[in-house]
Each structure stands twice: as C-alpha cells, then as structure tokens.
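Sequences listed follow chains A and B, in order.
Per this note's numbering, residue 1 is the first one in the first sequence, and the count goes up by one each step.
Per this note's numbering, residue 98 is the first one in the second sequence, and the count goes up by one each step.
Don't be surprised by glycine CBs; every beta carbon is placed ideally from N, CA and C.
Only a predicted model underlies this, so the values are computations on that prediction, with no experimental measurement involved.
Quick notes on the structure that follows.
There are 2 protein chains.
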Amino acid sequence: MESTLTADLVRDRAATVARALSDAKRLCVVERLADGERSVSDLSRDVGCQVPNMSQHLAVLRAAGIVTSRREGSTVFYRLADPQVLEVYRILQQVAR
Amino acid sequence: MESTLTADLVRDRAATVARALSDAKRLCVVERLADGERSVSDLSRDVGCQVPNMSQHLAVLRAAGIVTSRREGSTVFYRLADPQVLEVYRILQQVAR
DNA sequence: TCATTGCTTGCGCAATTACGCAAGTAAATC
DNA sequence: GATTTACTTGCGTAATTGCGCAAGCAATGA
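Below you can see the structure in the form of structure tokens.
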C-alpha cells in the first residue's frame with residue numbers, strides 16, 4: 001500500500017517535470033543536449049532567443065532535475081541530467097501525433 | 098531531412114501534451130482512467146474538486162488528444178485516447194525521483 | 001586595476017492559467 | 001411541458017509564466 005501523501009508528492013514532482021517540458025524552446029534545448037553538453041550562448045543561438053531568456057529556461061529545466069551545469073572558465077555548459085528524459089520526449093511525440 | 102517547420106510543429110504538439118500533463122489533478126485523472134472509463138462526477142469526487150473545474154481539466158486533456166468522451170444518457174464517460182500516455186507518465190515519474 | 005566576455009538575476013508587463021460561482025444545455029423522469 | 005440530473009460554458013480574479021531590458025556577478029586578459 002502507499003499513503004496518499006507520497007502519491008501526492010510523486011504526482012507533484014512528475015507534474016513539475018512535465019511543466020518543464022511544456023515549452024517548445026525548452027524541448028528544443030533537450031534536443032540539442034541529446035548530442036552532448038552545450039554552452040548557454042550556443043543554446044541561445046540555436047534556439048533563437050536572447051541569453052537571459054535562455055538562462056531562465058535552463059533554470060526551469062534545472063529546477064525540474066532535467067539538466068545539470070558545469071562551469072569551465074567563464075563559460076557554463078549544460079547537459080542532460082537523466083537520459084530518460086529523451087525517452088519521455090520520444091513517447092510524448094508519439095502521443096502528440 | 099526534415100524541414101524546421103514540421104520540427105516546430107512536432108515540438109509545439111509535444112509541448113501541448115506535456116502542458117496537459119503538468120498538473121497534479123490532471124495526472125490524477127490519468128491514473129484513474131488507467132483502470133477504464135469514468136464519468137465526470139466520479140472523477141470530480143476522486144480528485145476532490147468541483148464538477149466545473151473537472152470539466153475544464155478534462156477539456157485540456159481532450160484538446161491535447163489524451164482523452165476522448167462518450168455520452169450515455171445524461172452521463173459523459175471519459176477514457177484514455179492513447180494508452181501510451183501511461184508510458185509517458187511512468188517514465189516521467191522515474192525522471193522525477 | 002580596469003575592461004571584456006559569459007552568464008545570472010531583478011524588474012515590469014502582457015498573456016495564460018486555475019479556480020469558484022453562476023448560468024446555460026442536454027437527456028431522463030414525472 | 002416542467003423538474004431533476006449531469007455536464008459544459010462564461011465570467012471575474014488571483015497567481016503564474018515568458019519575455020525584453022537593465023543591472024549584477026564571475027572569470028579572463030590587457
């Protein structure tokens with residue numbers, strides 16, 4: 001058996017992850033990071049938005065535990081924290097068609 | 098190769114599905130519907146919200162193509178349109194932990 | 001130390017969202 | 001036809017979100 005309290009927590013966390021994936025630009029970031037880590041400015045250019053905007057999107061993804069970051073000199077690289085997010089995205093696309 | 102136009106469309110649709118799953122109450126609905134179809138009032142009671150609120154949540158899920166409805170007399174039954182959404186939810190929970 | 005590069009944070013605003021409540025529609029029963 | 005049951009839709013509001021822009025912080029180099 002499972003208490004409704006933990007069930008609620010699991011749902012809330014899953015909802016947070018889904019929320020982080022509910023934006024086209026953030027999904028674009030996930031696609032880019034599938035090939036490996038990238039800097040904020042790279043992602044900003046790829047997605048086609050300003051750097052502060054990208055930084056905020058990355059903060060949302062990080063808060064959801066989808067990405068992690070690493071600083072190398074003055075550059076910050078982001079990468080997928082869990083490759084399983086790609087599996088989520090893949091099935092998401094199937095459901096979406 | 099694939100045009101960026103269709104890539105954008107695919108992302109937008111996937112984002113819409115993720116958006117529909119980004120609410121704890123709607124995830125609760127998905128859980129309930131995993132066992133089969135249920136009426137709006139049933140879902141309303143299970144989730145613990147008012148009927149109009151549940152109706153709106155179901156409208157969001159339907160707009161995303163996640164559920165379909167069937168009227169039997171004065172009662173409307175909802176069910177999952179695509180069982181794959183359960184797979185999305187399952188992996189979503191793994192990423193979320 | 002000062003300037004530059006790369007990123008984050010704060011702020012204001014427009015748009016979207018979730019909710020309660022009231023009103024409207026649809027089907028069954030009287 | 002009128003009432004009841006089941007659901008949807010409209011409306012107002014508080015909260016959240018995405019964005020641009022300016023300012024701040026960290027690391028490198030002059």
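For Arg97 of chain A, which three-state DSSP category applies? In the three-state scheme derived from DSSP, where H, G and I count as helix and E and B as strand, Arg97 of chain A is classed as coil.
Length-filtered (4 minimum) alpha helix (DSSP H) runs lying within the segment 131 to 170 of chain B: 137 to 144, 148 to 160
At 8 angstroms on the CB atoms, spell out the chain B contacts of Leu92 of chain A, in chain order. Ala111, Val114, Ala115, Val185
Could you have a look at Leu177 of chain B and say whether DSSP puts it in helix, strand or coil? Correct three-state label for Leu177 of chain B: strand.
Closer than 8 angstroms, Cβ to any Cβ of chain A: which residues of the segment 140 to 157 of chain B, in chain order? none
Exposed or buried, which one is Met98 of chain B when buried takes at least 16 other CB atoms within 10 Å? exposed
Buried or exposed, going by whether 16 or more other CB atoms sit within 10 Å of the CB of Val192 of chain B? buried
Residues of the segment 119 to 132 of chain B whose Cβ lies closer than 9 angstroms to any Cβ of chain A, in chain order: Ser119, Asp120, Ala121, Lys122, Arg123, Leu124, Cys125, Glu128
Would you call the segment 18 to 36 of chain A and the segment 104 to 117 of chain B touching, i.e. three or more CB-CB distances under 8 angstroms? yes
In chain order, what residues of the same chain have a beta carbon less than 7 angstroms from the beta carbon of Cys98 of chain A, not counting five sequence neighbours either side? Summary: the structure shown does not reach residue 98 of chain A, with chain A confined to residues 1 through 97, and so no result is reported for it.
Chain A contacts from the segment 158 to 180 of chain B (Cβ-Cβ distance under 9 angstroms): Ala161, Gly162, Ile163, Ala178, Asp179
Bridge partner(s) assigned by DSSP for Thr172 of chain B: B:Glu169
Specify the secondary structure class of Val118 of chain B as computed by DSSP and reduced to three states. A small correction: the amino acid at residue 118 of chain B is Leu; Val does not occupy that position in the sequence shown. Correct three-state label for Leu118 of chain B: coil.
To the nearest angstrom, how far is the alpha carbon of Gln56 of chain A from that of Tyr89 of chain A? 21 angstroms
Determine whether the Cβ of Val85 of chain A lies closer than 8 angstroms to any Cβ atom of chain B. True, the Cβ-Cβ gap to chain B drops below 8 angstroms.
Applying a beta-carbon distance threshold of less than 7 angstroms, which residues of chain B neighbour Arg11 of chain A? Here the neighbours are Ala121, Leu124, Cys125.
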